[in-house]
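Residue numbers (the UniProt record's numbering): 1 to 176.
Think of the CB as a built atom: it goes at the ideal place given N, C-alpha and C, for glycine as much as any other residue.
Quick caveat: nothing in here was measured; it's all calculated off a predicted structure.
Have a look at the structure below before the remarks.
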Amino acid sequence: MRVTPIGPEDWDENVVKAMSVMLSPDRLERRDPGTALATLARNPKLTRAFLRFNVYLLFGSTLPARVRELAVLRVAHRRGCDYEWIHHVEMGTEVGLSSASIEAVTRGEGLDEFDQAVITAVDELEEKSNMTDASWSILSQHLDEPQRMDFVFTVGCYGLLAMAFNTFGVLPEQEN
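As structure tokens, this is what we get:
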């Protein structure tokens, strides 16, 4: 681990402010942010700014949750980010992704044309920071313009998180 998670005894006012952007009052009181947030909390100003954006993508985005989770799982798989993968398999299951859909993500496959378009668009964004007109067109049949914009930002955000988690050495909770 290159950056160690901050312990509950080291929380100060800045850490509490940063964590309050995402954590429930109960988790704030218990000082139980999980490994990833406790690691990011080493830089409270960055964490607070980033979490505002991330909270929008998770809870306020126009993107359907199932599409979000399919895209995040593809990013996590491509980037080899165990932390992201484990957490988003659970979240994906909660929003309706089947185990077959999740397994297909690891092969770069979708179970239908739209899921395949989501996977392909993630791959294109990851490889070229752009997507083809064909991918944009298929996504346009299912997602409106704000949703497609949220899609691009979701892929970028979770690519950034995977980069940070892998670089900092953030491990899934059960591996700590």
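Practice problem: Return the chain-ordered list of same chain residues with a C-beta closer than 7 Å to the C-beta of residue 142, the five sequence neighbours on each side being excluded. | Solution: Taking the first residue of the sequence shown as position 1, residue 142 is located at position 142. Closer than 7 Å at the Cβ level, and outside the excluded window around residue 142, lie 114.
Quiz prompt | Continuous alpha helix (DSSP H) stretch holding residue 6: start and end | solution = Taking the sequence shown and counting its residues from 1, one reaches residue 6 at position 6. Careful: residue 6 lies outside any alpha helix (DSSP H) and carries neither H nor E.
Quiz item: Quick one: what's got a C-beta closer than 8 Å to residue 17's C-beta in the same chain, skipping five residues either side?
Solution: Counting from one through the sequence shown, the residue named residue 17 turns up at place 17. Taken in chain order, the residues that qualify are 44, 48.
Quiz prompt | Cβ contact (3+ pairs, closer than 8 Å) linking the region 114 to 129 and the region 25 to 44 | solution = no
Self-check item: As assigned by DSSP and simplified to three states, the class of residue 147
Solution: The residue you call residue 147 lines up with position 147 of the sequence shown. Helix.
Quiz item: Taking the C-alpha atoms as reference points, what is the distance between residue 95 and residue 50?
Solution: What you label residue 95 is simply residue 95 of the sequence shown in a count that begins at 1. What you label residue 50 is simply residue 50 of the sequence shown in a count that begins at 1. For residue 95 and residue 50, the distance between alpha carbons rounds to 24 Å.
Quiz prompt | Close Cβ partners of residue 85 (< 6 Å) along its chain, the five nearest in sequence each way excluded | solution = If you number the sequence shown from 1, residue 85 lands on position 85. Excluding residues within five positions, the ones whose Cβ falls inside 6 Å are 76.
Practice problem: Figure out for me which residue from 100, 62, 138 has the closest Cα to the Cα of residue 150. | Solution: Taking the sequence shown and counting its residues from 1, the one referred to as residue 150 is at position 150. The option with the nearest alpha carbon to residue 150 is 62.
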